[in-house]
Amino acid sequence: MGIPLLSAGTHVLIGDGKKAFILFNEGTAERPSLTVETILNHPDLPTRDLGAARPGRAFESVGARRSSMEETDWHQRAEDQFIHDVMVHLVDLDKREKLRKLVLVAPPRAMAELRRVLPSSFASRITAEITKDLTNHSVTAITELLQAEEPLF
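Just so you know, the working numbering puts the end of the sequence shown at 572, numbered straight through with nothing missing.
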């Protein structure tokens, strides 16, 4: 095993588009002790509550041709907004506690959105990015999985 992911004082953000939590390692790299600092949830609303259900129409400027526009994925937009809200919460946490090291854990689509909204000031503090969905695991299982994980950079 190489460099441990969970050194002392490391924060871990685990999330997807509906649920996120921030853990903190109060232990050491050899014996991590992750505690939950924050839990954030996003309600899973029906599409009718998120936006219009019908796609729009585009009309040609000349002639009678028209075509439909791609339907908006309202659930994906809501998940992207939730990830943005999680990042705002993380920035607020940084202002209060000054995050030193951060591990990001999210499924691929959520990780892409996290990278997109991540402030540049956080880039040097990210010690690992893991593209897995661990939001439904216990803290004990997460600790074991992260201890077995090799850092990508």
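Beta carbons are placed, not taken as given, at the ideal position from N, Cα and C, and that holds for glycine.
Remember, predicted model here, so these are calculated numbers, not experimental data.
Discussion item. Could you pull the DSSP bridge partners for Thr429 from this structure?
Written reply: Lys520
Practice prompt. Round the Cβ separation of Ser426 and Lys520 to the nearest angstrom and send it over; I've been treating them as touching at under 8 Å.
Written response: 6 Å
Discussion item. What does the Cβ neighbour count give for Asn460, buried or exposed, with the cut at 16 atoms within 10 Å?
Written reply: exposed
Worksheet item: Closest by CA to Pro538, which one among Pro451, Val507 and Asp552?
Response: Val507
Item to complete: Determine the burial state of Thr546: buried for a count of at least 16 other Cβ atoms within 10 Å of its Cβ, exposed for fewer.
Response: buried
Worksheet entry | heavy atom of the ligand ZN below 7 Å from Lys514 C-beta | Looking for the ligand ZN in the displayed structure turns up nothing, as the structure carries no ligands at all.
Worksheet entry | Own chain residues within Cβ distance below 7 Å of Ala448, not counting five before or after | Pro423, Leu425, Ser426 and Ala427
Fill in: Alpha carbon of Trp493 to alpha carbon of Arg450, nearest angstrom
42 Å
Fill in: Secondary structure of Lys437, DSSP reduced to three states
coil
Worksheet item: Roughly how many angstroms lie between the CA atoms of Thr457 and Leu442, to the nearest whole one?
Response: 7 Å
Discussion item. My output table needs one value for Thr447: the three-state DSSP class, helix, strand or coil.
Written reply: coil
Discussion item. Can you give me the C-alpha to C-alpha distance between Thr559 and Lys514, rounded to a whole angstrom?
Written reply: 28 Å
Discussion item. If you reduce the DSSP assignment to three classes, tell me which class Thr559 lands in.
Written reply: helix
Discussion item. Assuming the contact rule is C-beta atoms closer than 8 Å, Asp435 and Ala525 should be a hit. Round their C-beta distance to whole Å, please.
Written reply: 6 Å
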